[in-house]
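Peer 1: Submitted below is the structure of interest, expressed as structure tokens.
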Amino acid sequence: MLPLFAALVAASTALLIFAGGLVTSTGSGLSVPDWPNTYGWFMWAFPVSKMVGGIFYEHLHRLVASTVGFLIVVLAIWLARVEPRRWVRRLGYLALGAVITQGILGGITVLWYLPDAVSIAHASLAQIVFCLTTTIALVTSHGWKVGYGQLPTSNVQLPRDFTLERIAIITTVVIFTQIVIGATMRHTGAGLAIPDFPLAFGHLIPPHWDPKIAIHFAHRVGAATVALLILATTAHVFFHQGRRAELRRPSILLLVLLALQITLGALTVLSQKQFLINSLHVVNGALVLVTSLVLTLRVHRARFAGSATHGAFVPRDPAYAESRTAWTRRGARA
Amino acid sequence: MTRLSLAACAAAALLVACGGGNQNQNQQSSVPASSGAAAPSAPAAPGVDPATAATVTGKVKFEGTAPAPQPIKLSSDPYCQKANPGLMTETEVVGKDGALGNVFIYVKDGLGNRTFPAPATPVVLDQKGCHYTPHVFGIQVGQPLQIVNSDDTLHNVHGLPKANKEFNQGQPIQGMKMTHTFSTKEVMIPFKCDVHGWMNAWIGVLDHPYYAVTSADGSFSLKGLPPGTYTIEAWHEKLGTQTQTVTVAEKESKDVQFTFKG
Chain Z
13 MLPLFAALVA ASTALLIFAG GLVTSTGSGL SVPDWPNTYG WFMWAFPVSK MVGGIFYEHL
73 HRLVASTVGF LIVVLAIWLA RVEPRRWVRR LGYLALGAVI TQGILGGITV LWYLPDAVSI
133 AHASLAQIVF CLTTTIALVT SHGWKVGYGQ LPTSNVQLPR DFTLERIAII TTVVIFTQIV
193 IGATMRHTGA GLAIPDFPLA FGHLIPPHWD PKIAIHFAHR VGAATVALLI LATTAHVFFH
253 QGRRAELRRP SILLLVLLAL QITLGALTVL SQKQFLINSL HVVNGALVLV TSLVLTLRVH
313 RARFAGSATH GAFVPRDPAY AESRTAWTRR GARA
Chain W
58 MTRLSLAACA AAALLVACGG GNQNQNQQSS VPASSGAAAP SAPAAPGVDP ATAATVTGKV
118 KFEGTAPAPQ PIKLSSDPYC QKANPGLMTE TEVVGKDGAL GNVFIYVKDG LGNRTFPAPA
178 TPVVLDQKGC HYTPHVFGIQ VGQPLQIVNS DDTLHNVHGL PKANKEFNQG QPIQGMKMTH
238 TFSTKEVMIP FKCDVHGWMN AWIGVLDHPY YAVTSADGSF SLKGLPPGTY TIEAWHEKLG
298 TQTQTVTVAE KESKDVQFTF KG
């Protein structure tokens with residue numbers, strides 16, 4: 013049940029990012045001036061009939077956020093009670109801390125009238141929360157626990173693909189950086205600073221510059237960089253690790269999401285930031301990030317072997333002892 | 058671990074779902090107020106001799122092909138759709154013979170060190186039919202601005218000044234009023250309702266009473282001016298600004314024309 017619940021939490025985080033994207037894309041961030049209340053009502057008591065105009069998006073975002081916050085609380089408690097690996101339990105606490113911080117940032121940005129720095133931090137931390145919930149979902153999954161059949165044994169040490177390990181990490185870090193640049197672009201109103209696509213004012217390089225054009229152009233350069241890195245990573249997987257389904261599948265998904273993301277980015281500009289396209293671009297960017305993260309973690313799976321032996325763990329749940337024994341018998345070591 | 062979990066749960070619950078406040082916390086008055094127009098140029102400010110006061114009048118024209126007002130899509134709020142189904146954009150209000158309305162005209166320079174006390178009479182900004190009335194208006198530093206919600210729907214009043222302090226106040230109940238004053242002169246301050254993205258207004262905050270907004274026929278009048286030489290600026294939300302220098306003698310009335318090209 014825990015892996016399924018963790019996956020649900022990760023999916024709900026993606027939904028939350030989409031809801032947040034809708035708020036920014038519709039310019040509704042300040043349509044509810046107070047926080048944590050909504051026009052003086054307790055959040056969950058606010059009448060649905062009054063969710064009109066921008067309030068619909070902002071209040072919906074708050075409701076989804078509080079639901080995800082609650083789910084992460086449950087997840088952290090669940091992990092604390094049944095998870096034998098200390099680092100996984102810590103991931104749960106980290107996700108909880110991150111989502112609480114995220115809630116505070118969300119409140120501050122409303123009360124301080126959307127200062128760019130706070131809004132960008134809010135958007136960036138959302139990606140980290142999504143990465144954390146996705147990581148928890150991944151490392152609690154059955155496939156991860158059994159090591160995708162790739163774990164080294166006492167007799168056989170599997171050769172590591174150092175090139176793939178490095179390029180996967182670089183790709184994930186660059187995607188995250190690209191998302192932060194994208195958030196900066198959105199929150200500084202630079203989304204249409206270059207109004208044409210794929211050229212910039214009819215040129216490859218913008219013929220004139222200002223801070224907004226620079227941010228926008230940086231996002232385009234970032235997109236090209238991310239595309240090249242994803243192509244390099246996935247090509248390496250296909251040519252050198254093509255038999256490993258746990259790497260091949262996220263690679264294929266990554267390519268699909270990349271194509272979709274570039275299309276959505278182009279359409280965002282060409283449609284003059286149509287709010288739905290814009291929001292889908294935001295959430296799809298997050299999906300690109302976590303897919304790359306999953307690929308990276310799976311590439312590095314062998315390095316996690318044996319980590320369960322670190323850190324004493326005494327389960328409080330009596331029912332856990334039996335399940336843990338059974339799990340250990342299956343050979344799961346991390 | 059249980060204690061830690063409970064503490065974490067309590068902290069998160071507080072953050073994500075606390076509240077329970079009074080839904081009327083923003084309400085300052087439930088009595089609906091009548092809508093008011095922008096304060097016109099005063100007849101003669103204190104300290105200015107009415108016997109010698111001069112007047113600057115004029116017209117503002119639009120030259121070119123005026124864009125037709127566009128219907129505003131109100132479907133995001135059923136109340137607005139019902140209350141004001143024919144609402145149109147008012148960015149460029151061009152009347153007969155190119156008369157340009159909603160242009161803010163004011164004395165930008167030339168009053169020297171004269172000071173003018175702020176009137177106690179409030180200027181009223183009404184939210185009626187999901188629309189700000191007036192769309193462009195002026196006020197003096199320290200003069201109360203009364204903002205009224207005449208609609209049976211929620212509005213937020215979001216002022217986005219640069220020199221003054223930004224504010225964002227919710228008015229969820231019909232008839233609610235709030236009063237705001239500005240501490241520094243600033244031309245112009247945009248107002249918007251984030252609930253209804255089409256709602257916007259502009260306010261010019263000055264430290265004197267010599268300002269006006271062109272009417273539908275493009276005319277304006279700045280009365281009660283002390284004799285002198287003034288820089289008069291015309292501001293339009295989309296077409297920008299223009300300035301002219303005018304000198305008026307005692308009791309003189311001078312005509313000034315502005316033409317904005319589209």
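Order-wise, the sequence lines are chains Z and W.
Numbered by the working numbering, the letters in the first sequence go through residues 13 to 346 in order.
Numbered by the working numbering, the letters in the second sequence go through residues 58 to 319 in order.
Glycine residues also receive a C-beta, built at the ideal position from the N, C-alpha and C atoms.
#1: Taking Val117 (chain W) as the reference, which of W:Lys295, W:Leu282, W:Ser272, W:Lys311 has the closest Cα?
#2: Could you give the DSSP three-state label for His253 (chain W): helix, strand or coil?
#3: Residues of chain W with a CB under 7 Å from the CB of Asp46 (chain Z): which are they?
#4: For Ala291 (chain W), which beta-bridge partners are listed by DSSP?
#5: Quick check on Gln284 (chain Z): buried or exposed, where buried means 16 or more other Cβ atoms within 10 Å of its Cβ?
#6: Might you give, ordered along the chain, the residues of its own chain that have their beta carbon closer than 6 Å to the beta carbon of Gln200 (chain W), omitting 5 neighbours on each side?
#7: So, with DSSP's three-state summary, where would you put Thr79 (chain Z)?
#8: For chain W, check one thing: does any of its Cβ atoms lie closer than 8 Å to the Cβ of Gly33 (chain Z)?
#9: Would you check if there are 3 or more beta carbon pairs closer than 8 Å linking the region 260-280 of chain Z to the region 292-310 of chain Z?
#10: Where do the ends of the alpha helix (DSSP H) carrying Tyr136 (chain W) lie?
#11: Out of Z:Tyr125, Z:Tyr160, Z:Leu87, which has the shortest C-alpha to C-alpha gap to Arg313 (chain Z)?
#12: Assuming Ile182 (chain Z) and Ala202 (chain Z) are in contact, meaning their beta carbons sit under 8 Å apart, how far apart are those beta carbons, in whole angstroms?
#13: Just the C-alpha distance for Gln84 (chain W) and Ala92 (chain Z), rounded to the nearest angstrom, thanks.
#14: Consider the Cβ of Leu27 (chain Z): report whether some Cβ of chain W lies at a distance smaller than 8 Å.
#15: Measure the C-alpha to C-alpha separation of Phe250 (chain Z) and Arg260 (chain Z) and round it to an integer number of angstroms.
#16: Where does the unbroken beta strand (DSSP E) through Lys185 (chain W) begin, and where does it stop?
#17: Looking at the strands, I want to know which residues DSSP matches up with Gly312 (chain W).
#18: Per DSSP, Thr213 (chain W) forms a beta bridge with which residues?
#19: Which same chain residues, not among the five before or five after Lys62 (chain Z), have their C-beta less than 8 Å away from its C-beta?
#20: Tell me whether Tyr268 (chain W) sits in a helix, a strand or coil according to DSSP, three-state version.
#21: Is Ala18 (chain Z) closer than 8 Å to Ala149 (chain Z) when the C-beta atoms are compared?
#22: Do Phe173 (chain W) and Tyr268 (chain W) count as a contact pair if the criterion is CB distance below 8 Å?
#23: Output the boundary residues of the beta strand (DSSP E) element that contains Ile196 (chain W).
#24: Using only the alpha-carbon positions, how far apart do Val306 (chain Z) and Ser136 (chain Z) sit?
#25: Roughly how many whole angstroms lie between the Cα atoms of Val295 (chain Z) and Thr25 (chain Z)?
#26: Could you confirm whether any beta carbon from chain Z is found closer than 8 Å to the beta carbon of Gly232 (chain W)?
#27: Per DSSP, His215 (chain Z) forms a beta bridge with which residues?
#28: Determine, for Leu42 (chain Z), whether the minimum Cβ-Cβ distance to residues of chain W falls below 8 Å.
#29: Can you give me the C-alpha to C-alpha distance between Thr145 (chain Z) and Leu83 (chain Z), rounded to a whole angstrom?
#30: Can you list the residues of chain W that Ile67 (chain Z) reaches, using a CB-CB cut of under 8 Å?
#31: Which runs of the alpha helix (DSSP H), 4 residues or longer, sit entirely within the region 223-311 of chain Z?
#32: Are the Cβ atoms of Gly47 (chain Z) and Gly109 (chain Z) separated by less than 8 Å?
#33: I'd like to confirm the pairing. Which residues does DSSP put opposite Leu282 (chain W) in its beta bridges?
#34: Taking buried to mean at least 16 other C-beta atoms within 10 Å of its own C-beta, is Gly66 (chain Z) buried or exposed?
#35: Please list, in chain order, the chain Z residues whose beta carbon lies closer than 7 Å to that of His215 (chain W).
#36: With a Cβ-Cβ cutoff of 8 Å, do Thr303 (chain Z) and Ala180 (chain Z) count as a contact?
Peer 2: The relevant details are as follows:
#1: W:Ser272
#2: coil
#3: Gly227
#4: W:Ile162, W:Gln299
#5: exposed
#6: Ala175, Pro176
#7: helix
#8: no
#9: yes
#10: 135-140
#11: Z:Tyr160
#12: Not confirmed; about 26 Å, so no contact.
#13: For Gln84 (chain W), the predicted model reports a pLDDT of 35, less than 50, meaning its position is unreliable and no value from the coordinates is stated.
#14: no
#15: 7 Å
#16: Lys185 (chain W) -> no beta strand (DSSP E), and no H or E assigned at all.
#17: The amino acid occupying residue 312 (chain W) in the given sequence is Asp; Gly does not appear at that position. According to DSSP, Asp312 (chain W) bridges with W:Thr114.
#18: The sequence given here has Asn at residue 213 (chain W), not Thr. Asn213 (chain W) pairs with W:Gly227.
#19: Tyr51
#20: strand
#21: yes
#22: no
#23: 193-197
#24: 18 Å
#25: 10 Å
#26: no
#27: Z:Ala212
#28: yes
#29: 10 Å
#30: Leu211, Val252
#31: 223-252, 257-282, 287-311
#32: Rather than Gly, the amino acid found at residue 47 (chain Z) in this sequence is Trp. No, these two residues do not count as a Cβ contact at 8 Å.
#33: W:Ala111
#34: buried
#35: Leu42
#36: no
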